[in-house]
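Chains as they are written, first to last, in our numbering: chain S, 717 to 906; chain A, 278 to 669.
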């Protein structure tokens, strides 16, 4: 007669103390990774980046409003904008630091992505940084062009981010522009 | 596709050089006109500053007519949702997808996949943010394909589940019918035994009585299999040990004189009825033969029946008596039982061996071909193969 295969017995407390490396942050990062990966595969990197850009723009507005609610309604200067970049990333466990703040640009580097290792192979998620930084910079300084020349998502050891503050002709492939609208601009003829 | 960021709102494309500005603008206009996708550019007021020929046609306008005044002449705009979307598009150079319904034209009301982005264009009063909307036929196609594929797979899955359930229902019904058939066959065999018994009791001819009795036992062997199947709600397999035990018990009760004992040593083995049936009949014939002929003149004795299985699956049945043996009569002493046993052994592909020592020992060795759980195939007959003409 065949032996009856019984499931292994598990102590009552073993489940709770099991080292499965799961918490809310890990779960959400995994979710974002799989979601972005799925979208990249289904619609391609460019369109996936567009979706993340849409969300990133909304996140940028939200964060800009949050900092203005605490620091005042007036436009922030480039130094403050740079410090906000570093601060908002710090709060979500990013490792950004300021390299330079010049009249026409803010230069930053990053040693640790808030998405941690889950960002590797998911370059569409970089549109989150581009849009958040670009939105905040443009809404306070009038214009922003964000260049992500190195990104951890593509295997670089650090991210290298330059936020240009004055327009110029032509855009590189790794650049995105952000504009501030005037009150009353609707673009839809309404 | 970020392209040039600063565009003249007159020509809608950057000049490639100062000296060729007009020519370049004209060329750009021709190129845009030739594109098979619609392109519309609107300024911050929602005024359409450029629409290529394809966009004009899509809106039901003359291809070379001036662009309509308002973006809302081309597309149905919901103030709350689409207005906010347009402003969002205007604030970034990232292409973002959208769908808008046509305001007019042949496809009025139809949703069209589009993508849009903002850009800075040169105007008489300086640079100003504009929005470029471009038809994007590919957008959503992959989603649609995935959706269709998933729908197809879901439909296929549902169909297969229905089929599986239907097959399960059919199988269950077949099992019920088979069990019912087993039950009826058992009842019919029992009835047949009763009829033969009545015939035996009425018969006055000793030889005929003996024939009746032999027939009774043979039918009983078959009936026992169906009784076991019926009792255990089985249709294909029976416990061979229970079968042989019951046959021996019946022989001991109805045939063996008090001086002859029958014992069984039966390993628990399950056999398909294709094999259990001839085996039961063989044991019935050989044990009956031993009880009847090995102990003449009231001689006391013992008949032992054993059932064993080897590691390789080979099944061995032994019927041994300590009686007088055949005394050199050989096969000539046997009647129809001999032919039946050989026929059944042949059907089992069994090796049939007789050993004459202190009595007679018969050994039937075969390898079951139909394992428990295997599908039954073909029609069943307890004597489905021709008897092998061998002497014993």
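The C-beta atom is built at its ideal place from N, Cα and C for all residues, glycine as well.
Chain A residues whose Cβ lies nearer than 8 Å to that of residue i
i, result
"residue 847 (chain S)", "369 and 371"
"residue 801 (chain S)", "Within chain A, no residue comes near residue 801 (chain S); the closest Cβ sits about 17 Å away, beyond 8 Å."
"residue 766 (chain S)", "371, 372, 373, 374 and 392"
"residue 901 (chain S)", "321, 322, 364, 367 and 406"
Partners in chain S for residue i, counting only beta-carbon separations shorter than 9 Å
i, result
"residue 313 (chain A)", "Correct list: empty, because the minimum Cβ distance to chain S is about 20 Å."
"residue 638 (chain A)", "What residue 638 (chain A) touches in chain S: nothing, since even the nearest Cβ is about 31 Å away."
"residue 318 (chain A)", "Those within 9 Å of residue 318 (chain A) in chain S number zero; the least Cβ separation is about 10 Å."
Proximity below 9 Å, CB of residue i to CB of residue j
i, j, result
"residue 549 (chain A)", "residue 645 (chain A)", "yes"
"residue 369 (chain A)", "residue 769 (chain S)", "yes"
"residue 494 (chain A)", "residue 471 (chain A)", "no"
"residue 592 (chain A)", "residue 642 (chain A)", "yes"
"residue 850 (chain S)", "residue 795 (chain S)", "no"
"residue 557 (chain A)", "residue 499 (chain A)", "yes"
"residue 881 (chain S)", "residue 861 (chain S)", "yes"
"residue 463 (chain A)", "residue 507 (chain A)", "yes"
"residue 821 (chain S)", "residue 867 (chain S)", "no"
"residue 877 (chain S)", "residue 800 (chain S)", "no"
"residue 562 (chain A)", "residue 621 (chain A)", "yes"
"residue 346 (chain A)", "residue 905 (chain S)", "yes"
"residue 340 (chain A)", "residue 330 (chain A)", "yes"
"residue 852 (chain S)", "residue 797 (chain S)", "yes"
"residue 520 (chain A)", "residue 580 (chain A)", "no"
"residue 316 (chain A)", "residue 440 (chain A)", "no"
"residue 496 (chain A)", "residue 528 (chain A)", "no"
"residue 841 (chain S)", "residue 731 (chain S)", "no"
"residue 577 (chain A)", "residue 601 (chain A)", "no"
"residue 411 (chain A)", "residue 438 (chain A)", "no"
"residue 640 (chain A)", "residue 594 (chain A)", "yes"
Interface partners of residue i on chain S, CB under 8 Å
i, result
"residue 547 (chain A)", "Result: empty, since nearest Cβ-Cβ is about 11 Å, beyond 8 Å."
Assigned secondary structure, residue i (DSSP; H/G/I helix, E/B strand, else coil)
i, result
"residue 628 (chain A)", "strand"
"residue 826 (chain S)", "strand"
"residue 545 (chain A)", "coil"
"residue 866 (chain S)", "strand"
"residue 311 (chain A)", "helix"
"residue 414 (chain A)", "coil"
"residue 434 (chain A)", "helix"
"residue 850 (chain S)", "helix"
"residue 339 (chain A)", "coil"
"residue 273 (chain A)", "This structure does not reach residue 273 (chain A), given that chain A is present from 278 up to 669, and the question cannot be answered."
"residue 570 (chain A)", "helix"
"residue 355 (chain A)", "coil"
"residue 607 (chain A)", "In this prediction, residue 607 (chain A) scores a pLDDT of 46, lower than 50, which makes its location untrustworthy; the coordinate-derived value is nonetheless stated afterwards. If DSSP states are grouped into helix, strand and coil, residue 607 (chain A) belongs with the helices."
Rounded Cβ spacing between residue i and residue j (contact assumed at less than 8 Å)
i, j, result
"residue 738 (chain S)", "residue 839 (chain S)", "Residue 738 (chain S) to residue 839 (chain S), Cβ: 26 Å. No contact."
"residue 552 (chain A)", "residue 625 (chain A)", "6 Å"
"residue 544 (chain A)", "residue 585 (chain A)", "5 Å"
"residue 406 (chain A)", "residue 321 (chain A)", "6 Å"
"residue 362 (chain A)", "residue 378 (chain A)", "Contact flag wrong, Cβ pair sits at about 13 Å."
"residue 413 (chain A)", "residue 374 (chain A)", "7 Å"
"residue 582 (chain A)", "residue 537 (chain A)", "Actually they do not touch by this definition, with Cβ atoms about 13 Å apart."
"residue 390 (chain A)", "residue 376 (chain A)", "6 Å"
"residue 364 (chain A)", "residue 903 (chain S)", "6 Å"
"residue 745 (chain S)", "residue 855 (chain S)", "Residue 745 (chain S) to residue 855 (chain S), Cβ: 28 Å. No contact."
"residue 815 (chain S)", "residue 806 (chain S)", "16 Å between Cβ atoms; not a contact."
Whole-angstrom distance between residue j and residue i, CA atom to CA atom
i, j, result
"residue 310 (chain A)", "residue 353 (chain A)", "23 Å"
"residue 808 (chain S)", "residue 830 (chain S)", "6 Å"
"residue 889 (chain S)", "residue 395 (chain A)", "16 Å"
"residue 381 (chain A)", "residue 847 (chain S)", "35 Å"
"residue 812 (chain S)", "residue 843 (chain S)", "16 Å"
"residue 605 (chain A)", "residue 637 (chain A)", "With a pLDDT of only 45 at residue 605 (chain A), under the threshold of 50, the placement of this residue in the model should not be trusted; the figure read from the coordinates follows. Those two C-alpha atoms are separated by around 12 Å."
"residue 456 (chain A)", "residue 484 (chain A)", "38 Å"
"residue 574 (chain A)", "residue 627 (chain A)", "34 Å"
"residue 430 (chain A)", "residue 445 (chain A)", "22 Å"
"residue 609 (chain A)", "residue 488 (chain A)", "For residue 609 (chain A), the predicted structure reports a pLDDT of 37, less than 50, and the residue's modelled location is therefore unreliable. A value from the coordinates is still provided. Computed Cα separation, rounded: 19 Å."
"residue 607 (chain A)", "residue 619 (chain A)", "Bear in mind that a pLDDT of 46 at residue 607 (chain A), under 50, signals an unreliable position, so the model cannot answer this."
"residue 836 (chain S)", "residue 885 (chain S)", "32 Å"
"residue 337 (chain A)", "residue 351 (chain A)", "9 Å"
"residue 475 (chain A)", "residue 614 (chain A)", "23 Å"
"residue 792 (chain S)", "residue 367 (chain A)", "22 Å"
"residue 504 (chain A)", "residue 434 (chain A)", "42 Å"
"residue 314 (chain A)", "residue 327 (chain A)", "14 Å"
"residue 734 (chain S)", "residue 725 (chain S)", "14 Å"
"residue 460 (chain A)", "residue 447 (chain A)", "20 Å"
"residue 901 (chain S)", "residue 324 (chain A)", "11 Å"
Cross-chain neighbours of residue i in chain A, by beta carbon under 9 Å
i, result
"residue 753 (chain S)", "In chain order: nothing, as chain A lies at least about 15 Å away."
"residue 843 (chain S)", "371"
Closer than 8 Å: residue i CB and nearest the ligand NAP heavy atom
i, result
"residue 527 (chain A)", "The ligand NAP is absent from the structure shown, which contains no ligand whatsoever."
Test: residue i CB closer than 9 Å to a CB of chain D
i, result
"residue 634 (chain A)", "Of the protein chains in this structure, namely S and A, none is chain D."
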